[in-house]
Amino acid sequence: MSSECAVEFRHVCKRFQRHTGQLLLRSHLLKHLSQRKQIEPFYALKNVSFRMEPGESIAVIGSNGAGKSTLLSLLAGLVPPDSGTVQVNGRVAALLELGSGFHHDLTGAENVRLNAALLGISRRRMNHIFQAIVDFSELADFMDEPLRTYSAGMTMRLAFAVAVNVDPDILLIDEVLAVGDNSFQAKCFEKILDFRRQGKSIICVSHVAEMLRQLCDRAIWLDHGDVLLDGPIAEVTDSYYGRTQSR
Amino acid sequence: MVQNLILKDFRIRYRNMSLGVFWSLLNPLVMMGILWFVFTKILQSKIPNFGVFALCGLVPYNVFTTSWLTGTMSLVENATLIKRVAVPRELIPISIVLSNCIHMSAQILLLLLLVLATGHHVNRHWIWLLLIWPLEIIFVLGLALIFSSLNVYIRDVRYIVESANLVLFWLVPIFYDFSNIPAQYAEIVHYNPVAALVMASRTILLYDAAPAASLLLRLALSSSLMFCMGLLVFRRLRRGFYNYL
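From first to last, the protein sequence lines stand for chains F and H.
Oh and the first sequence: position 71 is 72 in the numbering used here, straight run, nothing missing.
Oh and the second sequence: position 66 is 1219 in the numbering used here, straight run, nothing missing.
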């Protein structure tokens, strides 16, 4: 039964040590020499379980530090959970941070090729989809300019163009769409809806409720690492915004 | 993917250098000049063709130490890549070290050219170079895997590596001959892969002979051991990279 789902989290916990300033030799030595009290670990996710079918699109909402980004990192396979299992079926393309994996000294074209290679695209397929990426980003005139000359919006366009054109099964989007202009946002929307029609899955983190309502049909509300509510998008966003406004 | 990562490293490296490879040649040439001056004019060394003799030591030393150091810092410097893109983590130090080795191959070429310019000829033993250099690179890869992952947890590791490189400069027979080493230490030096590489290079390039089989065997042994250890340590420490970067 779990073989056909896109994503399954089973009792996933992820904790971080509070290790501010512990990256130096001195602090490591001090820690071992003085058997002082163990520092309490900080739980970013506590016993999170959910299942996602192919073609579903889920919004993850919650206040800052609720564990949204940690959840996406686990999903993208960037970090293993401390307990529980994360099962992901299919290729994941993650837009976690503006231009992650991009290098600002390389040109747009070089970054596109590098980024696609990092996502596991072969050289032959790369030649195939390169034009599609350039066309989608509408940045053909700037492809030979180094990335450091790009604006935030341009970087986002390029990153999004790569992510959607490598043909992922699951697309992760963390807040990045906010920097695009209206026409490009509309284009991204269209592409994402297209994605859903093809039976692919999307997980979206954002604070813009209107956008989430258009893109997603289900929402998970995280609060301090706990799943507070998991259900249809309208229901969850209503109670989420209802609560944040009543404060 | 390794190819792409190496390509990236290269493009970035040369975009910010107007003279490109020239800089990687200038340093050993200056060093060779100084050593030649000090050891032939001031200390009156009896070693013939001292400049090339020293370069035979300097080039392997340079390749080794810069690879070790850049490899050590590779994970911390590519922290964003590790935190945001699901690249197999091993590939980062490995591609950085390999790219550095390609970058340094200009120095190896310089060494070969100088050997030829000073009256030596290509001989059949040169073929051994194709064996000992890869062994050396495998050894450095192992070191880079270990030290890059340690450097994630303890950021002082790079300074330890820098000091170790300084010690190595004097322990590797760069400007003295292996025969100067007292017998009780000679055995240990054999296991030092940089020293082994230096000695083998000299035997091949300057004395037109094949390197000793025992030397090659030890080099192969220590290289493969170091690489396996590197992979083991890396796999163990990999889990915490995300938390500590």
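Backbone N, C-alpha and C fix where the C-beta goes; we use that ideal spot for every residue, glycine too.
So, with DSSP's three-state summary, where would you put residue i?
i: V237 (chain F); result: helix
i: G1383 (chain H); result: helix
i: S3 (chain F); result: Caution is warranted here: a pLDDT of 44 is assigned to S3 (chain F), below 50, making its placement in the model unreliable, and no coordinate value can be reported.
i: M1185 (chain H); result: helix
i: Y1338 (chain H); result: helix
i: G232 (chain F); result: strand
i: Q18 (chain F); result: coil
i: P147 (chain F); result: strand
i: E1243 (chain H); result: coil
i: G1400 (chain H); result: Outside the displayed span of chain H (1154 to 1398) sits residue 1400 (chain H), for which this structure offers no information.
i: G1224 (chain H); result: helix
i: V8 (chain F); result: strand
i: I204 (chain F); result: strand
i: K47 (chain F); result: strand
i: Q199 (chain F); result: coil
i: M1154 (chain H); result: coil
i: T1271 (chain H); result: coil
i: A94 (chain F); result: strand
i: D182 (chain F); result: coil
i: V167 (chain F); result: coil
i: G102 (chain F); result: coil
i: D224 (chain F); result: strand
i: R1308 (chain H); result: coil
What is the rounded straight-line gap between the Cα of residue i and the Cα of residue j?
i: Y242 (chain F); j: R219 (chain F); result: 15 angstroms
i: F1387 (chain H); j: T1219 (chain H); result: 20 angstroms
i: S3 (chain F); j: N90 (chain F); result: With a pLDDT of only 44 at S3 (chain F), under 50, the local geometry of the prediction cannot be trusted, and no value is derived from it.
i: V1310 (chain H); j: L1390 (chain H); result: 15 angstroms
i: F185 (chain F); j: A1297 (chain H); result: 43 angstroms
i: C1381 (chain H); j: S1375 (chain H); result: 10 angstroms
i: L1267 (chain H); j: M144 (chain F); result: 43 angstroms
i: D227 (chain F); j: R16 (chain F); result: 13 angstroms
i: G232 (chain F); j: N1396 (chain H); result: 31 angstroms
i: V206 (chain F); j: V1240 (chain H); result: 22 angstroms
i: D168 (chain F); j: Q18 (chain F); result: 36 angstroms
i: S240 (chain F); j: K69 (chain F); result: 18 angstroms
i: I1307 (chain H); j: S1227 (chain H); result: 14 angstroms
i: G1295 (chain H); j: L1384 (chain H); result: 7 angstroms
i: W1323 (chain H); j: Y1338 (chain H); result: 14 angstroms
i: C14 (chain F); j: R1237 (chain H); result: 20 angstroms
i: A117 (chain F); j: G78 (chain F); result: 17 angstroms
i: L223 (chain F); j: L230 (chain F); result: 7 angstroms
i: E146 (chain F); j: P1335 (chain H); result: 59 angstroms
i: N1202 (chain H); j: V1216 (chain H); result: 22 angstroms
i: I1291 (chain H); j: E111 (chain F); result: 29 angstroms
i: G121 (chain F); j: L1188 (chain H); result: 48 angstroms
i: G200 (chain F); j: A7 (chain F); result: 10 angstroms
i: V1229 (chain H); j: I1280 (chain H); result: 37 angstroms
i: V1351 (chain H); j: C1209 (chain H); result: 6 angstroms
i: V1285 (chain H); j: H1273 (chain H); result: It is Ile, not Val, that sits at residue 1285 (chain H) in the sequence shown. Those two C-alpha atoms are separated by around 20 angstroms.
i: E1289 (chain H); j: A1373 (chain H); result: 9 angstroms
i: R1164 (chain H); j: L107 (chain F); result: 7 angstroms
i: V1293 (chain H); j: L1178 (chain H); result: 21 angstroms
i: S101 (chain F); j: T1233 (chain H); result: 7 angstroms
Assuming the contact rule is C-beta atoms closer than 8 angstroms, residue i and residue j should be a hit. Round their C-beta distance to whole Å, please.
i: I203 (chain F); j: S50 (chain F); result: About 20 angstroms; that fails the 8 angstroms criterion.
i: M1154 (chain H); j: L1244 (chain H); result: 6 angstroms
i: I234 (chain F); j: V61 (chain F); result: So it is not a contact: roughly 11 angstroms between Cβ atoms.
i: W1221 (chain H); j: V1325 (chain H); result: About 13 angstroms separates the two Cβ atoms, so there is no contact after all.
i: E159 (chain F); j: V209 (chain F); result: It is worth fixing the name first, because residue 159 (chain F) is Leu in this sequence and not Glu. Contact doesn't hold; Cβ gap of about 21 angstroms is too wide.
Please compile the residues from chain B whose C-beta is within a distance smaller than 9 angstroms of the C-beta of residue i.
i: S202 (chain F); result: Among the chains of the structure shown, chain B does not appear; the protein chains present are F and H.
Nearest to residue i by alpha carbon, out of the options?
i: T1271 (chain H); options: H:L1385, H:P1364, H:G1210, H:L1358; result: H:L1358
i: F10 (chain F); options: F:L216, F:P82, F:V113, F:S152; result: F:P82
i: A95 (chain F); options: H:A1207, H:I1235, H:P1246; result: H:I1235
i: V237 (chain F); options: F:L194, F:G63, F:Q199, F:G200; result: F:G63
i: L1321 (chain H); options: H:W1189, H:A1349, H:H1274, H:V1205; result: H:A1349
i: S1198 (chain H); options: H:V1347, H:T1356, H:F1163, H:N1333; result: H:N1333
i: L1264 (chain H); options: H:L1251, H:L1283, H:I1247, H:V1212; result: H:V1212
i: D1162 (chain H); options: H:V1250, H:I1280, H:W1279; result: H:V1250
i: S152 (chain F); options: F:F137, F:A141, F:V135, F:G181; result: F:G181
i: S1354 (chain H); options: H:N1180, H:Q1156, H:N1276; result: H:N1276
i: R214 (chain F); options: F:L194, F:Y44, F:R125; result: F:L194
i: R52 (chain F); options: F:T86, F:G66, F:A67, F:N65; result: F:T86
i: R197 (chain F); options: F:N48, F:E5, F:P55; result: F:P55
Segment contact, 8 angstroms Cβ cut-off, at least three pairs: the segment 1334–1348 of chain H with the segment 1249–1258 of chain H: The segment 1334–1348 of chain H makes no contact with the segment 1249–1258 of chain H, as fewer than three CB pairs between them are under 8 angstroms.
Given 8 angstroms, three or more beta-carbon pairs between the segment 172–184 of chain F and the segment 72–90 of chain F: Yes, the segment 172–184 of chain F touches the segment 72–90 of chain F.
Inter-stretch contact at 8 angstroms, needing at least 3 Cβ pairs: the segment 161–171 of chain F / the segment 127–137 of chain F: Yes: the two stretches touch, three or more of their Cβ pairs being nearer than 8 angstroms.
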